[in-house]
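**Q**
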Amino acid sequence: DRLGNPARESVVGIGDSVEHDIAGASGAGLSSALVRSGILAAMSGQELDELFAGHGARPDFVLPSFVWQA
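Numbering (the working numbering), first residue to last: 65 to 134.
1) With a threshold of 7 Å, establish whether the CB of F130 neighbours any heavy atom of the ligand PLP.
2) For V75 and L94, what's the separation of their Cα atoms in angstroms?
3) What separation, rounded to the nearest whole angstrom, lies between the Cα atoms of G79 and D65?
4) Could you give the residue range of the alpha helix (DSSP H) that holds S90?
5) Between which two residues does the alpha helix (DSSP H) harbouring F130 extend?
Printed below as a string of structure tokens:
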């Protein structure tokens with residue numbers, strides 16, 4: 065409501081936590097982008113796949129980092 069109820073297909077949930085950010089976006093019917101900086105940076109592709117399977121959530125996009133520039 066605070067954002068004016070944008071269409072779900074125009075919103076992407078972004079975060080570094082599969083358990084919270086990616087699963088939360090999926091549960092809300094939104095696309096998601098996983099940011100690989102921080103604790104996930106050293107995980108292999110296989111480890112990430114296992115993490116996704118363990119939480120029943122897979123991001124639509126995977127970003128090496130997320131930087132906000134003004």
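Built from N, CA and C at the ideal position, the CB exists for glycine as well.
**A** In this structure, then:
1) Inclusion of the ligand PLP in the displayed structure is not the case, the ligand content being empty and no account of it being possible.
2) 6 Å
3) Spanning the two alpha carbons is a distance of roughly 21 Å.
4) A87 to G91
5) Counting along the chain, F130 falls outside any alpha helix (DSSP H), and DSSP gives it neither H nor E.
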